[in-house]
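Our numbering applies: residue 5 is where the first sequence begins, and numbers increase by one.
A short write-up of the structure that comes next.
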Amino acid sequence: MGVSQGQETGYVQEDNRTMKGTIREIITKALDGAIAGGALKTRKPVILERPKREEFGDFSTNLAMLLAPEEGRSPRDIASILVEGIAASPVVARCEVAGPGFINIFLKRSYWYSILAEILRKGEGYGDLDTGGGEKIQVEFVSANPTGPLHIGHGRGAAVGDACANVLKAAGFDVTREYYINDVGRQMETLGRSLFLRYQELLGMPVEFPDDYYRGEYMKEIARDFLTKYGTRYRDARPGEPGDDSLPVFIEFAKDSIMSGIKKDLADFGVGFDVWYSEKDLFDKGLVEETLKELEGRNVLYEKDGALWFRTTDYGDDKDRVLVKADGSTTYFASDTAYHREKLKRGFKRIVDVWGADHHGYQPRMKALFKALGEDEERLKIIFIQLVSLSRGGVPLKMSTRAGEFITLREVMEEVGKDACRFFFLMRRPDAHLDFDLELAKKQAPENPVYYVQYCHARIMSIMEFARERGVDVPDVVGPDTLKELSRLDQKEEVAIIKHLAGFEEVIEKSAVEMEPHRVTFYLQELAGLFHPYYNRNRVVTDDPGLTTARLLLCRAVATVVAKGLGLLGVSAPKKM
RNA sequence: GCGCCUGUAGCUCAGUGGACAGAGCAUCGGCCUCCGGAGCCGAGUGUCGGAGGUUCGAAUCCUCUCAGGCGCACCA
5 MGVSQGQETG
15 YVQEDNRTMK
25 GTIREIITKA
35 LDGAIAGGAL
45 KTRKPVILER
55 PKREEFGDFS
65 TNLAMLLAPE
75 EGRSPRDIAS
85 ILVEGIAASP
95 VVARCEVAGP
105 GFINIFLKRS
115 YWYSILAEIL
125 RKGEGYGDLD
135 TGGGEKIQVE
145 FVSANPTGPL
155 HIGHGRGAAV
165 GDACANVLKA
175 AGFDVTREYY
185 INDVGRQMET
195 LGRSLFLRYQ
205 ELLGMPVEFP
215 DDYYRGEYMK
225 EIARDFLTKY
235 GTRYRDARPG
245 EPGDDSLPVF
255 IEFAKDSIMS
265 GIKKDLADFG
275 VGFDVWYSEK
285 DLFDKGLVEE
295 TLKELEGRNV
305 LYEKDGALWF
315 RTTDYGDDKD
325 RVLVKADGST
335 TYFASDTAYH
345 REKLKRGFKR
355 IVDVWGADHH
365 GYQPRMKALF
375 KALGEDEERL
385 KIIFIQLVSL
395 SRGGVPLKMS
405 TRAGEFITLR
415 EVMEEVGKDA
425 CRFFFLMRRP
435 DAHLDFDLEL
445 AKKQAPENPV
455 YYVQYCHARI
465 MSIMEFARER
475 GVDVPDVVGP
485 DTLKELSRLD
495 QKEEVAIIKH
505 LAGFEEVIEK
515 SAVEMEPHRV
525 TFYLQELAGL
535 FHPYYNRNRV
545 VTDDPGLTTA
555 RLLLCRAVAT
565 VVAKGLGLLG
575 VSAPKKM
């Protein structure tokens, strides 16, 4: 029923299919036809690409070259057979054989207008795909230990994890965002003791901090809160010592306080989680023990030197790993084993972990776990986040690349703003080092890509406001009466913008499949890079009603896609700046 | 020593089998009686770290090699 089935093309763009899929189908049908007619006999999947050079068409396929070896004839011969079938499609303007045997396809302009109409009809829903088919997928990210505030590295992980989750959701997956809290073990005891010492310090008692204690300023604040709540009640406590049960009090207080800070940081950063999963719960529910039993039943455990080992080397790891130490306590890996087994039991078909790159040594043992449990290791995807190097006006901050370890997410967020912060984190591939220049991120100037993209949206909103003030009707969708006006968008720049808009779905699909949200960031910069020059050379609101309508529709589509794309990144699309 | 990641224009980086390798910034020179100048126009730049190999075709795949980062716990 969409306006896209306008008589001009006789073409119906079906929902739930990307344009690329549509073109691929045209080629497949041409191949089927050739086979049915006896001209060809080999069937192969169609690989489509968008050529960089426009003289090579809107789409191009190497199908003929792939078929050549088995067909026993030249790629160009095969291509010329296929070209006939492809050219017969009502959306194809022309189709030709080029170079060694490429088939270059040029689509009719009317087809592009129908795509534009389709984009407008879908509105904010444009970009939503069903690639994932509703499959349950879990993205676990940040999962910072509750021993201190989030630093800049966690921020990058948060931005990437959240954007991945957004993109996966758009691509049709059933996404659960999860944060794993390491709230058990020795580090928690250290945290509790650290609080106790700060508490005693506030009470004027002489204290000495061991090197491995948490000594940040934030601990002093927590100690003040503790003092407010408990007064001098624990003044002479001996946490952790026999006969004294105060340690859990300190631990709980510190942990809760830090976690609420982390939650606030994340909320202000625009990141929300569906599940906060506690490591302690794994133990309380007996899941760690249950997992050990299962592994034992699978004959992958053994005892040595008083410890219980997991023979991960049978599944590709460098060395076997300890699950239960000689002193009877379990390792972090034991918890993680139980946790990931639980993820599988909870029905997630695919599991995504976002880790700091310094944890890459853990990948083989986690993969080993999946294999030992008889699961396809491909169900686990680990995204590694490389370090962030902070600089200010080109000057590196602190002395090492580890500056990011000491600067909190909140500090950066407050200095440069949430939008710039998130956008910058998503300008690079996750596994590439990131140079984050605070001055640049703050700068409200053209060299700052965040504003360049946001400005595109604000500018269009402003144009529409201008039109309304002039009494011009600003349409959101193409109606039967306005469809014909789209042909007024006949400039090269206008068609180029429509073509770029049409590629949005492919970008989302690729971002989701590869879990590389930075592709969206690049896409948006390109889109803004097409729109601004166009705007500068052409007036949208003119005395010509038909032309004005057509251009307003084009603007609407650009604004919608920019807003949608920024939304996926967790960046706002302002109406005014 | 072993493993993982990275090496592409002056800088920061896209680009993972296609046709003469792209963008932003920086540099230089232009554009405001005009819907937002946070914008636009024009100009130059490459041994894709190196060497072999696979392929009709390689920045992309394989092998070796050089450089940088990170990891190699009965820590979390």
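Glycine included, C-beta positions come from ideal geometry on N, C-alpha and C.
One alpha carbon belongs to lysine 496, the other to valine 565, and they sit about 20 Å apart. At a Cβ-Cβ threshold of 9 Å, arginine 228 and leucine 206 count as neighbours.
Along the length of the segment 104-188, whole alpha helix (DSSP H) runs at least 4 residues long occupy 113-126, 156-174, reported in chain order. Assignment of phenylalanine 508 by DSSP, reduced to helix, strand and coil, places it in the helix class.
CA-to-CA, the gap between leucine 573 and methionine 431 works out to about 10 Å. Listed in chain order, the non-local C-beta contacts of glycine 569 below 6 Å within the same chain comprise Val524, Leu528, local neighbours out to five positions each way being set aside. Between arginine 98 and the set Ile82, Thr26, Glu419, Ser64, the nearest pair of CA atoms involves Ser64. The closest CA to that of glycine 103, considering only Asp81, Ile119, Val143, Leu438, is found on Asp81.
Exposed is the label assigned to valine 517, since fewer than 16 other Cβ atoms lie within 10 Å of its Cβ. Distance from glycine 360 to glycine 157 at the Cβ level is roughly 6 Å; contact confirmed, criterion being Cβ atoms closer than 8 Å.
Three or more Cβ pairs drawn from the segment 436-443 and the segment 383-401 lie within less than 8 Å of each other, which places the two stretches in contact.
If one requires a minimum length of 3 residues, the beta strand (DSSP E) runs lying completely within the segment 409-490 are 438-441, in chain order.
Here DSSP, grouped into helix, strand and coil, assigns serine 339 to helix. Buried is the label assigned to methionine 192, since at least 16 other Cβ atoms lie within 10 Å of its Cβ. Within the model, the alpha-carbon separation for isoleucine 502 versus glycine 37 is close to 31 Å.
Secondary structure within the segment 16-67: the alpha helix (DSSP H) runs of 4 or more consecutive residues, fully enclosed, are 23-40 (chain order).
By the C-beta density criterion, phenylalanine 277 is buried, having at least 16 other C-beta atoms within 10 angstroms. Secondary structure at arginine 315: coil, using DSSP grouped into helix, strand and coil. The alpha-carbon separation between proline 400 and valine 392 amounts to approximately 11 Å. Counting the other Cβ atoms within 10 Å of the Cβ of serine 333 gives fewer than 16, which makes it exposed. In this structure, the alpha-carbon of phenylalanine 374 lies about 12 Å from that of glutamate 346.
Put simply, the backbone Cα of phenylalanine 429 is about 35 Å away from that of arginine 202. Counting only the Cα atoms, isoleucine 107 lies some 45 Å from alanine 372.
In its chain, beyond the 5 residues on either side, Cys99, Glu100, Val101, Ile107 have a beta carbon closer than 7 Å to the beta carbon of valine 87. Residue state for aspartate 380 is assigned as coil, using DSSP reduced to three classes. The three-state reading of DSSP puts proline 214 in coil, since its state is none of H, G, I, E or B.
Annotation for lysine 259: the continuous alpha helix (DSSP H) segment containing it runs 251-272. Shown here, arginine 396 sits in a strand according to DSSP, grouped into three states. Separation of the CB atoms of alanine 311 and lysine 284 is rounded to 23 Å, and the pair is thereby denied contact status at 8 Å. Distance from the CA of arginine 433 to the CA of valine 420, rounded to the nearest whole angstrom, comes to 21 Å. Taking valine 482 as reference, the option from Glu510, Ala561, Gln458 with the minimal CA-CA separation is Ala561.
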